[in-house]
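Colleague: Here it is, the structure, as structure tokens.
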Amino acid sequence: MKNDATSDMQLFVLIARLGSLAAAARAVDLTPPAATKRLATLESRLGVRLLNRTTRSLSLTSEGETYLQHATRILADVREMEDAVSQGRAVPRGLLRVNATLNFGRTSIAPLVSAFAKRYPEVEVLVEVTDRPVDLVDTGFDLAVRFGELPDKRLNARRIMSNRRFLCASPAYLESHGTPRTLADLAGHRCIIHRQNDDAYGIWRFLHHEHSEVVKVHGMLSSNDGDIVLGWALDGHGILIRSEWDLAKYLDSGRLRIVLPDFELPSADLYVYYPERRNLPVRARAFIDFLADHFKAAVDGRGSVREHIPSKVRSRKARP
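Residues 0 to 319 (numbering that gives the first Met the number 0) are what the sequence shown spells out, left to right.
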């Protein structure tokens, strides 16, 4: 790593993002003592303290917050300048920062990054997984891979995969408690609640014959982890909302059944988001196309959810 202003900014942004000087040092192939020395030199040159450090914690000073804000913007501008100059190069190269949700990032995006890295060995990929949405503009990420639409109007988006959501339950639960026929019937059922971000607790929203309907459900089990709630549904604890991406193999095996398929839920389409730029980096475009090709092939080869829902519901088109 060169000892210049740009690399100092890169190191500081990593320290702030990772919350650890040692982790930032590893990310840029420095030893922790070398990174500590670099940070001390930077603070000495600026004449201010940027970080409050103890043996157990690290926090930004007010000067550090200001430096981070400007450094993030400057580094993004530098990358955009370099990308604009190098658009004509056929081979993608350079650093690509990608954010994804925790579980989906581990199980689906990480293996795809491995395959992408083999195809484009000159692209350096940094993947960070977080359950809460991140501010791409302020944090300097190039791309975020997320289910569902984000409200940030500063971002562009490309839909990678349509992904409807359904109510589902195990055969054992339905045999024991009966199958609901109307939304009102849900009040008498045990519902498993997946708590996501700031969604209202236990509020399920449906669309039926172009009318919106809201149902307050109750249940003894809830979690913010999708795999946990799915496991509870498989164990027969109640009715759950799940996307067709997750449902396919369990419907095929008979471990889950779709409930109330006539009532449409908000979709969980897969999107790639990126900051609005006139010149999207070649490496970013290559990664987005790579994801799109993979998920198109996966969806084309899946198709099993369609076999488990009535034909009139099956023909419904997902909203863009």
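Think of the CB as a built atom: it goes at the ideal place given N, C-alpha and C, for glycine as much as any other residue.
1. Hey, how far is the Cα of Asp28 from the Cα of Ala21?
2. Suppose only complete runs of 4+ residues qualify. What are the alpha helix (DSSP H) ranges in the segment 1 to 69, listed by chain order?
3. Do Asp226 and Asn102 have their C-beta atoms closer together than 8 Å?
4. Taking 6 Å as the limit between beta carbons, can you name the residues of its chain near Leu94, skipping five residues before and five after?
5. Quick one: what's got a C-beta closer than 7 Å to Cys190's C-beta in the same chain, skipping five residues either side?
6. Looking only at its own chain, which residues have a Cβ that is under 7 Å from the Cβ of Leu13, when we skip the five neighbours before and after it?
7. How would you call Arg145, buried or exposed, if buried means at least 16 neighbouring beta carbons within 10 angstroms?
8. Give every residue of the same chain whose Cβ lies closer than 7 Å to the Cβ of Glu42, excluding the five residues on either side of it in the sequence, and list them in chain order.
9. Out of Ala156, Gly18, Pro31, point me to the one whose CA is closest to Arg55's CA.
10. Based on the DSSP secondary-structure assignment, which residues constitute the bridge partners of Met160?
11. According to DSSP, simplified to helix, strand and coil, what is Ser169?
12. Roughly how many angstroms separate the alpha carbons of Asp261 and His207, rounded to a whole number?
13. Are three or more beta carbon pairs between the segment 103 to 117 and the segment 282 to 294 nearer than 8 Å?
14. Considering only the beta carbon of each residue, do Val157 and Tyr270 sit closer than 8 Å?
15. Mind checking who Leu95 pairs with in its DSSP beta bridge?
16. Going by beta-carbon coordinates alone, are Ser320 and Ser107 separated by less than 8 Å?
17. Using a Cβ-Cβ cutoff of less than 6 Å, which residues in the same chain neighbour Arg241 once the five nearest sequence positions on both sides are dropped?
18. What are the start and end residues of the alpha helix (DSSP H) that includes Leu220?
19. Need the endpoints of the alpha helix (DSSP H) that Ile227 sits in, please.
20. Could you tell me the boundaries of the beta strand (DSSP E) in which Val136 lies?
21. Pick from Ile159, Ser61, Val77, Val133: whose alpha carbon is nearest that of Asn98?
22. Label Gln9 either buried or exposed according to how many other C-beta atoms from any shown protein chain fall within 10 Å of its C-beta, with 16 as the threshold for buried.
Modeller: Looking at the coordinates:
1. Between Asp28 and Ala21, the C-alpha separation is close to 10 Å.
2. Whole alpha helix (DSSP H) segments, 4+ residues: 4 to 17, 20 to 26, 31 to 45.
3. For Asp226 and Asn102, yes; Cβs fall inside 8 Å.
4. Leaving aside the five residues that flank Leu94 on each side, the residues in its chain whose CB is nearer than 6 Å to its CB run, in chain order, Glu123.
5. Answer for Cys190: Val216, His217, Gly218, Gly237, Ile238, listed in chain order.
6. Ala23, Ala26, Val27.
7. Arg145 is buried by the Cβ-count criterion.
8. Within the same chain, Glu42 has close Cβ partners Arg48, Leu49.
9. Per the Cα distances, Gly18.
10. For Met160, the beta-bridge partners assigned by DSSP are Leu269.
11. Three-state DSSP puts Ser169 in coil, outside helix and strand.
12. Approximately 7 Å, taken between the alpha carbons.
13. Inter-segment contact for the segment 103 to 117 and the segment 282 to 294 is present: three or more beta-carbon pairs are separated by less than 8 Å.
14. Checking the displayed sequence, the identity of residue 157 turns out to be Arg instead of Val. Cβ distance < 8 Å, so Arg157 and Tyr270 count as in contact.
15. Answer by DSSP bridge pairing, in chain order: Val124.
16. With the chain covering 0 to 319 only, the question about residue 320 has no answer from this structure.
17. Here the set comprises Cys167.
18. Leu220 -> no alpha helix (DSSP H), and no H or E assigned at all.
19. Note, Ile227: alpha helix (DSSP H), 225 to 233.
20. No beta strand (DSSP E) contains Val136, which is instead part of the alpha helix (DSSP H) from 135 to 138.
21. When only C-alpha atoms are compared, the closest one is Val133.
22. Looking at its Cβ environment, which holds 16 or more other Cβ atoms inside 10 Å, Gln9 is buried.
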